[in-house]
Amino acid sequence: MSTGNTSALALRWSAVTFDCPDPAELARFYTAATGLPIVYSTDGFVLLGQEGAAGLGFNQVADHRPPSWPDRSGGKQAHLEFGVDDLDAAQDRLVELGAVAPEFQPDAERWRVLLDPAGHPFCISTMV
1 MSTGNTSALA LRWSAVTFDC PDPAELARFY TAATGLPIVY STDGFVLLGQ
51 EGAAGLGFNQ VADHRPPSWP DRSGGKQAHL EFGVDDLDAA QDRLVELGAV
101 APEFQPDAER WRVLLDPAGH PFCISTMV
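Residue 43 in the UniProt record's numbering sits at position 43 of the sequence shown, with consecutive numbering throughout.
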């Protein structure tokens with residue numbers, strides 16, 4: 001679709017934000033998993049990040065319903081991908097931090113699907 005204006009819109013990717021029941025709890029998990037510090041926090045929102053880089057946000061939603069895995073009919077909209085050196089060690093550490101490893105894994109030798117403490121699927125892989 002053309003609007004007739006050929007100049008590009010100057011958007012900067014600033015964050016990916018996830019709905020969840022407890023932003024502080026989810027921020028603790030992702031801070032421990034990624035090393036990203038909290039850069040902004042209110043009662044209902046927490047943002048992790050570093051200067052000059054996109055961050056991760058967590059927004060409180062009272063009636064939050066997590067996406068389903070592996071049945072995607074529940075509405076998985078997006079997920080994070082993290083590169084790791086050792087799948088087993090990374091999975092063990094993330095589970096220790098509060099992630100859940102669902103039984104169904106589409107290709108456990110190449111990547112793993114985990115669920116964060118609020119139920120959002122994310123992947124770890126040695127290919128990233």
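Where is the CB? At the ideal position from N, CA and C, for every residue including glycine.
CB contact flag (residue i, residue j, <8 Å)
i, j, result
"residue 26", "residue 102", "no"
"residue 66", "residue 48", "no"
"residue 17", "residue 52", "no"
"residue 79", "residue 123", "yes"
"residue 126", "residue 84", "yes"
"residue 89", "residue 55", "no"
"residue 138", "residue 70", "Given that the chain is displayed from residue 1 to residue 128, the structure contains no residue 138 and the question cannot be resolved."
Residue i, buried or exposed, once every other Cβ within 10 Å from all chains shown has been counted against 16
i, result
"residue 99", "buried"
"residue 35", "exposed"
"residue 62", "exposed"
"residue 33", "buried"
For residue i: DSSP bridge partner residues
i, result
"residue 30", "Bridge partners of residue 30: none, in fact."
"residue 111", "125"
"residue 56", "16, 48"
"residue 41", "46"
"residue 83", "125"
Residue i - DSSP class collapsed to helix/strand/coil
i, result
"residue 101", "coil"
"residue 15", "strand"
"residue 25", "helix"
"residue 36", "coil"
"residue 129", "In this structure the chain extends from 1 to 128, so residue 129 is not present and cannot be described."
"residue 88", "helix"
Checklist line | Stretch-stretch touch, CB-based, cutoff 8 Å, three pairs: the region 16 to 32 with the region 41 to 59 | finding: Under the 8 Å Cβ criterion, the region 16 to 32 counts as touching the region 41 to 59, having at least three qualifying pairs.
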